[in-house]
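Visitor: Chains as they are written, first to last, in my numbering: chain A, 353 to 579; chain B, 353 to 579; chain C, 353 to 579; chain D, 353 to 579; chain E, 353 to 579; chain F, 353 to 579.
C-beta atoms are modelled at their ideal positions from N, C-alpha and C, and glycine is treated no differently.
Can you keep this structure in mind? I'll have questions shortly.
There are 6 protein chains.
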Amino acid sequence: MYELGVVYRNIERTDSAVADGLARYGSATVHEAMGRVGLLKPYMRPIYAGAQVSGTAVTVLLHPGDNWMMHVVAEQIRPGDIVVAAISAECTDGYFGDLLATSFMARGARALVIDAGVRDVKTLTEMGFPVWSKCISSKGTIKATLGSVNTPVVCAGMLVIPGDVIVADDDGVVCVPRAMAAKALEDAAAREANEGNKREKLASGVLGLDMYNMRPALEKAGLRYID
Amino acid sequence: MYELGVVYRNIERTDSAVADGLARYGSATVHEAMGRVGLLKPYMRPIYAGAQVSGTAVTVLLHPGDNWMMHVVAEQIRPGDIVVAAISAECTDGYFGDLLATSFMARGARALVIDAGVRDVKTLTEMGFPVWSKCISSKGTIKATLGSVNTPVVCAGMLVIPGDVIVADDDGVVCVPRAMAAKALEDAAAREANEGNKREKLASGVLGLDMYNMRPALEKAGLRYID
Amino acid sequence: MYELGVVYRNIERTDSAVADGLARYGSATVHEAMGRVGLLKPYMRPIYAGAQVSGTAVTVLLHPGDNWMMHVVAEQIRPGDIVVAAISAECTDGYFGDLLATSFMARGARALVIDAGVRDVKTLTEMGFPVWSKCISSKGTIKATLGSVNTPVVCAGMLVIPGDVIVADDDGVVCVPRAMAAKALEDAAAREANEGNKREKLASGVLGLDMYNMRPALEKAGLRYID
Amino acid sequence: MYELGVVYRNIERTDSAVADGLARYGSATVHEAMGRVGLLKPYMRPIYAGAQVSGTAVTVLLHPGDNWMMHVVAEQIRPGDIVVAAISAECTDGYFGDLLATSFMARGARALVIDAGVRDVKTLTEMGFPVWSKCISSKGTIKATLGSVNTPVVCAGMLVIPGDVIVADDDGVVCVPRAMAAKALEDAAAREANEGNKREKLASGVLGLDMYNMRPALEKAGLRYID
Amino acid sequence: MYELGVVYRNIERTDSAVADGLARYGSATVHEAMGRVGLLKPYMRPIYAGAQVSGTAVTVLLHPGDNWMMHVVAEQIRPGDIVVAAISAECTDGYFGDLLATSFMARGARALVIDAGVRDVKTLTEMGFPVWSKCISSKGTIKATLGSVNTPVVCAGMLVIPGDVIVADDDGVVCVPRAMAAKALEDAAAREANEGNKREKLASGVLGLDMYNMRPALEKAGLRYID
Amino acid sequence: MYELGVVYRNIERTDSAVADGLARYGSATVHEAMGRVGLLKPYMRPIYAGAQVSGTAVTVLLHPGDNWMMHVVAEQIRPGDIVVAAISAECTDGYFGDLLATSFMARGARALVIDAGVRDVKTLTEMGFPVWSKCISSKGTIKATLGSVNTPVVCAGMLVIPGDVIVADDDGVVCVPRAMAAKALEDAAAREANEGNKREKLASGVLGLDMYNMRPALEKAGLRYID
């Protein structure tokens, strides 16, 4: 744990059918399906609205102001991966721009999730390469110290193991541990199926109070209506 | 004040002609017209740009991580209302998503103002249901503890009494107390009428220094020009 | 320094060919070209996406909740200028709206950079007048105390001397000191020329590891690959 | 509500025996006794450790950077009062120092609670005049605009009505509405009486699990022990 | 990982001689000895100055506003342990006060590290039970939902495995993984031994520039002295 | 400006009688005497309470995570100096500990003001070497990149020119430009002389309303008293 100076080339990725399948349900439904765990802190925001992705995590641990390992992690990307970048201390520098994005896309990466800053966001938006980050900053970085690739990292408060699934959209970023991913996909699908029906009812004016039969429990808890 | 476990069914809403009329002037002009009071803290941001609404406040007080009362408040919504949600302690959870929005819209709500998080923002944007919130988060909530509906609440630092008018747009959210609303509408209209004329003059190159006759006061205050 | 109550009418602006030329390279490239200095803090954000400008700084120092000097600085604007507004203490008020923007545009200003709040952002967006600010707020200001115009100011943590060049885009705001501007333009152009070529290589799948010949240095630093 | 330019001279203060009696229980016990409402946001911190007070609220609403009304509120202080200062927009200025504290003490004030900054904290500490504030700042203020005295205010997110009880200590600041104060005192005393007994048991090694008989509920909720 | 509803009774604690031995070197030296990893975010602050401890981590995962599991973890404490409490979402509530501290002390706990709030800090200070926390808050919690005990947790951005060593003092909190602890102790001792000598030299006026022989490297890097 | 890689050996220090004389008035009085300018942002806090110093600024510009230049600046310290450390981007690392403090004290430094983190605060407190910093952090730094010494820097939002006077105490940190220092000393002394008299009056129960003759102005501004 927290080894520095190592690159793990072989990681156990979550089965791609499962990893790919989670995208359509989005971060909120998947988070709910997992029992409300796995969410990265809500300061993680997309650089543009509307992207919705899932993929397998390859991880990189960087040092403040130093993005050398971004080039090392690029080589470990396989199609369908999402790069998850953690920093060993708080930093707002722009670690990633259009050149690295070009390289990541050529390797098949679907997105970057980084607990620091990013830059060239206008170009990244035009390229359609989505990034979820803590901030946006023009400030570049040096290439001087070793971090690590594909070790477990803590990104925006959440532990990410290489091969876990990342689900990200306008609502935020969720990490689904590999062992829970197939179950999460199933549960998310079940939730979604269930929701279409509810939406119709609610749209017709039925209240959640009645649809979920909440009135008895509210009464028992002591809710009083005052005219 | 701060009663828990109660729902007030009858509130005195601001006259709808007044409440509806304030939307067109926007939060900045209305705030100005009221003598610069009533603004919720500027961390309250719209989930998408361009919405501009006004309406009468129905309020809900919730507990951290618990959105049970959202279903209770839904029943109290009348067409033209805006739901104002306060939390009894700081919380970033996503209390509100597309299902509740469907229900709120079916009841005639125009918007939600919430001092916490919201989710499903992509769908909410497509539905055209505007929300002003402290943050965005996938994290869902439980349904376990009683709060209250239509009691006075403090939302983002501002006291909101049920029936007050809420004015919200890209600049923020303003609460207009019921007793001040008719006067605020009048004053906002007067300010607006006055502004068209000013805008033309300024566009033609006339300086505010001259248009507002500021030079004598600046000179008196001691302003020195140095060449 | 920090004189109050003065307006410097004559400032040495950076040569306009240089000041204008920097816009196309954007804040990240210019920041890089300057050796990674000059960036305003990354909390400075554009009110709408996509604007990319450069221009010569005219500066204004204001007090919390007081925008009187905004009218004074308007008179000192020349075509091609960008107004840089600093506040003598932290403040989130909305110092600037569509009327002042109309006046600034009539004088030839290209943008406003302000370490406080701005309002009327919907109208400003329609007018195409870009602002980089710390926040957005409906809250207006009074006109009561003297600040200064065209003295050196510290805006969002960066020293700005009147006549310096400001480069701003979606990535943030950079200040280029007048004495460094010609060199920065040259270096930025050189960097850009160099990047097109790199982008192509990376898009074809060549890794940065090889393109920049990083492998020997990484090995020397002790990087280990584990299968 | 939010009247400006008024001073209410006659307010209904909570009975002094009740107001004074709450101090000994401290903010945590009182907050608990009230059903966990009434707490000002936890960013409110004492300028020195160890003070523990209660008293009746006299309120003052100030504008950013302007402490004129501090002198107006001083006249309304009676022995046993605590001044609660709200600002009409976020501000970190130092509104209060040793001179005002001398005046407040001479009038019988027990403390100041202010949603902004304070200064002269070394002298205030020596004088033994406790202040709970958002921050500490050398920055002084002007005396130019009218606020109000003894109107309801929102301070650090909590509504405070003149005459309510304020309880403040190292844990924070709680507002007890006048109508709830006698009951809160009773409940706090009951809680405290109950705690001494518990403390002894816990100190002897008895677990809360057993003392509160939590094991059946935990088991029912599904808690599993793994060896 | 992130199992809910489980309590691991048997964890592999770091050898107590090692765990205990780290206290005397303090968090800064230990962090340095580990190669500058393992630090919890610097917002973690002691509730009183001067405490310096180390011990083996027992972990607890709690939900926002719910401290039920605090009673569950109490039973798993052994003499020499430090409780590390993580919350499943951001929360500032006061999860821990003097009653729980009495229980923890009776079980032999040396400290609490919690990524949320704590209360009764005056009493805790008198009892000499040190806590490192994100904030201080009077706000109490409910006892309603299951978390877990002795699973890996992320606390203030750092992964903590039950049995790891925690080192905490006025400078912050460091987590030393069990596998690295013996080596970290050795390296910390070596660093410390080395420092006494340096301190004397520096006190006599010798410069670090000369003591560390930095001048050639600075010159090579291009440092210029200007008279 | 913002030269990197240079050390200015000769700076014009403010006259020592003036620089030394400002300490006794403290940051609030000096800030007031200067017309309310010069204050570093209020997040700058002393590591222990009670220190009150003034001295001449020697400046150092450092990079994130790199304290190499701290050793370079040590050589430029003369008795009576205060080191002012700025960082080229936001950083919370602990740049300074007891060894550097030993060296700084041996050179005659009175304090450090740093817009980043510091560590070994327990030992620094025992040594009586005061530091004003943005945060406290165990995290150490590397020694790899050149910054500069005795160039103008922006520290916590304020421009500091080498040789300016720094005044720091529990209320914060103020920078007095060299050219204004003698005048500021005079004005501070005048303010202080004036205050003793006022304090006595206020202690005797005289109101500021009467002592400053504020009643006519308040009446003119429209203040109404309501019984």
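Find the nearest neighbour of V410 of chain B within the set B:A458, B:I513, B:T477, B:A508, judged by alpha-carbon distance.
Guide: Indexing the second sequence from 1 puts residue 410 of chain B at position 58. The candidate whose alpha carbon is nearest that of V410 of chain B is B:I513.
Visitor: Alpha carbon to alpha carbon, how far is R543 of chain B from A385 of chain B?
Guide: The count along the second sequence starts at 1 and reaches residue 543 of chain B at position 191. The count along the second sequence starts at 1 and reaches residue 385 of chain B at position 33. Taking the straight line from one Cα to the other gives about 7 angstroms.
Visitor: Quick one: Cα of A371 of chain D to Cα of M422 of chain E, how far?
Guide: The residue labelled residue 371 of chain D in the question sits at position 19 within the fourth sequence. The residue labelled residue 422 of chain E in the question sits at position 70 within the fifth sequence. If I take the Cα positions, the gap works out to 33 angstroms.
Visitor: Under the three-state reduction of DSSP, which class applies to M396 of chain D: helix, strand or coil?
Guide: Position 44 of the fourth sequence, counted from the first residue, corresponds to residue 396 of chain D. In the structure shown, M396 of chain D sits in coil (DSSP, three-state: anything other than H, G, I, E or B).
Visitor: With 8 angstroms as the C-beta to C-beta threshold (strictly closer), list the residues of the region 483-512 of chain E near chain G in chain order.
Guide: Within the model displayed, chain G is absent; protein chains A, B, C, D, E and F are what it includes.
Visitor: Determine, for V382 of chain F, whether the minimum Cβ-Cβ distance to residues of chain D falls below 9 angstroms.
Guide: Start at 1 with the first residue of the sixth sequence, and residue 382 of chain F comes out as number 30. Yes, V382 of chain F counts as interfacial toward chain D.
Visitor: Identify whether M332 of chain D lies in helix, strand or coil by the three-state DSSP scheme.
Guide: Nothing can be reported for residue 332 of chain D: it is not among the residues displayed for chain D, which extend from 353 to 579.
Visitor: Let's test the definition: count the other Cβ atoms within 10 Å of the Cβ of K474 of chain C and tell me whether it reaches 16, buried, or not, exposed.
Guide: For the purposes of this step, residue 474 of chain C is taken as the residue at position 122 of the third sequence. Flag for K474 of chain C reads buried.
Visitor: Under a CB-based cut-off of 9 angstroms, is V370 of chain B close to chain D?
Guide: Position 18 of the second sequence, counting from 1, holds the residue named residue 370 of chain B. No - not a single Cβ of chain D is within 9 angstroms of the one on V370 of chain B.
Visitor: Whether or not the region 517-531 of chain D and the region 464-482 of chain E are in contact is what I'm after, with contact meaning three or more pairs of Cβ atoms, one per stretch, closer than 8 angstroms; do they touch?
Guide: Verdict: yes, contact present.
Visitor: Just the chain A side, please: which residues come within less than 9 angstroms of E442 of chain E by C-beta, in chain order?
Guide: Taking the first residue of the fifth sequence as 1, we reach residue 442 of chain E at position 90. Near E442 of chain E (Cβ distances below 9 angstroms), the residues of chain A are K393, P394, G509.
Visitor: At 4 residues or longer, and completely inside the region 504-577 of chain D: list those alpha helix (DSSP H) runs for me, N to C.
Guide: Runs of the alpha helix (DSSP H) inside the region 504-577 of chain D: 530-555, 560-563, 567-573.
Visitor: I'd like to know whether the C-beta atoms of I434 of chain B and V405 of chain B end up nearer to each other than 9 angstroms.
Guide: Sequence index remark: in the second sequence, residue 434 of chain B carries index 82 (1-based). Sequence index remark: in the second sequence, residue 405 of chain B carries index 53 (1-based). Yes.
Visitor: If you count every other CB in all the chains shown that lies within 10 Å of the CB of A369 of chain A, and 16 or more means buried, which is it?
Guide: Reading the first sequence from its first residue, position 17 is the one you call residue 369 of chain A. Under this definition A369 of chain A is an exposed residue.
Visitor: May I ask you to list the residues that DSSP assigns as paired with D433 of chain A?
Guide: Within the first sequence, residue 433 of chain A is the residue found at index 81, counting from 1. Its beta-bridge partners are A:T408.
Visitor: Against G387 of chain C, what residues of chain F qualify as contacts under a CB-to-CB distance less than 7 angstroms, listed in chain order?
Guide: Here residue 387 of chain C refers to the residue found at position 35 when the third sequence is read from its first residue. Here the neighbours are L356.
Visitor: Would A569 of chain E and T497 of chain F qualify as a contact pair, given that the criterion is a beta-carbon distance under 9 angstroms?
Guide: For the purposes of this step, residue 569 of chain E is taken as the residue at position 217 of the fifth sequence. For the purposes of this step, residue 497 of chain F is taken as the residue at position 145 of the sixth sequence. Not a contact, by the Cβ cut-off of 9 angstroms.
Visitor: Can you tell me which residues form a DSSP beta bridge with L413 of chain D?
Guide: On the fourth sequence, residue 413 of chain D is found 61 positions in, with the first residue counted as 1. Note: L413 of chain D sits in a beta bridge opposite D:A438, D:S500.
Visitor: Is P431 of chain B buried or exposed, if buried means 16 or more other CB atoms sit within 10 Å of its CB?
Guide: For the purposes of this step, residue 431 of chain B is taken as residue 79 along the second sequence, with counting starting at 1. That one is exposed.
Visitor: Whole angstroms are fine: how far does the CA of H415 of chain C sit from the CA of Y447 of chain D?
Guide: Here residue 447 of chain D corresponds to residue number 95 of the fourth sequence, with the count starting at 1. Here residue 415 of chain C corresponds to residue number 63 of the third sequence, with the count starting at 1. When rounded, the distance between both Cα atoms is 15 angstroms.
Visitor: Per DSSP, what kind of secondary structure is L391 of chain A in: helix, strand or coil?
Guide: Reading the first sequence from its first residue, position 39 is the one you call residue 391 of chain A. L391 of chain A falls in the strand class under three-state DSSP.
Visitor: Go ahead and pull the three-state DSSP assignment for G469 of chain A.
Guide: On the first sequence, residue 469 of chain A is found 117 positions in, with the first residue counted as 1. In the structure shown, G469 of chain A sits in a strand (DSSP, three-state: E or B).
Visitor: Comparing the C-beta of R551 of chain E with each C-beta of chain F, is any distance below 9 angstroms?
Guide: Stepping through the fifth sequence from its first residue, residue 551 of chain E is reached at position 199. Yes - at least one Cβ of chain F is within 9 angstroms of the one on R551 of chain E.
Visitor: Out of D:K553, D:R361, D:A438, D:D445, point me to the one whose CA is closest to V506 of chain D's CA.
Guide: Translated into the one-based positions of the fourth sequence, residue 506 of chain D becomes position 154. Ranking D:K553, D:R361, D:A438, D:D445 by Cα distance to V506 of chain D puts D:A438 first.
Visitor: Could you confirm whether any beta carbon from chain C is found closer than 9 angstroms to the beta carbon of D467 of chain D?
Guide: Walking along the fourth sequence from the start, residue 467 of chain D turns up at place 115. Judged by the 9 angstroms Cβ criterion, D467 of chain D is not in contact with chain C.
Visitor: Kindly indicate which residue of A:V424, A:E442, A:L451, A:M396 has the alpha-carbon position closest to the one of K553 of chain C.
Guide: For the purposes of this step, residue 553 of chain C is taken as the residue at position 201 of the third sequence. Among A:V424, A:E442, A:L451, A:M396, the Cα nearest to that of K553 of chain C belongs to A:L451.
Visitor: Report yes or no: is there a C-beta of chain D within less than 9 angstroms of the C-beta of Q428 of chain F?
Guide: On the sixth sequence, position 76 is the one that residue 428 of chain F refers to. Taking Cβ atoms only, chain D never reaches closer than 9 angstroms to Q428 of chain F, which makes this a no.
Visitor: So does Y564 of chain C have its beta carbon nearer than 8 angstroms to some heavy atom of the ligand FMN?
Guide: As for the ligand FMN, it is missing from this structure, which has no ligand bound.
Visitor: Is the Cβ of N362 of chain D closer than 9 angstroms to any Cβ of chain F?
Guide: Residue 362 of chain D sits at position 10 when you count from the first residue of the fourth sequence. Interface residue, yes.
Visitor: To be precise: take each residue of the region 525-545 of chain D, compare its Cβ to all Cβ atoms of chain E, and keep it if any distance is under 7 angstroms. Which residues remain?
Guide: Of all residues in the region 525-545 of chain D, V526 have a Cβ within less than 7 angstroms of some Cβ in chain E.
Visitor: Taking S490 of chain A as part of the alpha helix (DSSP H), name the residues at either end of that continuous run.
Guide: Counted from its first residue, the first sequence places residue 490 of chain A at position 138. Element bounds for S490 of chain A: n/a, residue is neither H nor E.
Visitor: For A453 of chain A and V465 of chain A, what's the separation of their Cα atoms in angstroms?
Guide: For the purposes of this step, residue 453 of chain A is identified with residue 101 of the first sequence, where counting begins at 1. For the purposes of this step, residue 465 of chain A is identified with residue 113 of the first sequence, where counting begins at 1. Approximately 12 angstroms, taken between the alpha carbons.
Visitor: If we ignore side chains and look at the alpha-carbon of each, how far apart do M353 of chain E and T366 of chain A end up?
Guide: Position 1 of the fifth sequence, counted from the first residue, corresponds to residue 353 of chain E. Position 14 of the first sequence, counted from the first residue, corresponds to residue 366 of chain A. The predicted model places M353 of chain E with a pLDDT of 49, which falls under 50 and marks its position as unreliable, so this point remains unresolved.
Visitor: So if I threshold CB-CB distances at 8 angstroms, which residues from the region 559-579 of chain C count as touching chain A?
Guide: If the cut-off is 8 angstroms between Cβ atoms, the region 559-579 of chain C has L559, G560, L561, Y564, M566, L570, A573, G574, L575, R576, Y577, I578, D579 near chain A.
Visitor: With a threshold of 9 angstroms between beta-carbons, can R462 of chain E be considered close to chain F, or not?
Guide: Numbered from 1 along the fifth sequence, position 110 holds the residue referred to as residue 462 of chain E. It does not: the Cβ of R462 of chain E has no partner Cβ on chain F nearer than 9 angstroms.
Visitor: For W484 of chain B, which beta-bridge partners are listed by DSSP?
Guide: Here residue 484 of chain B refers to the residue found at position 132 of the second sequence. Looking at the DSSP assignment, W484 of chain B forms a beta bridge with B:P398, B:V465.
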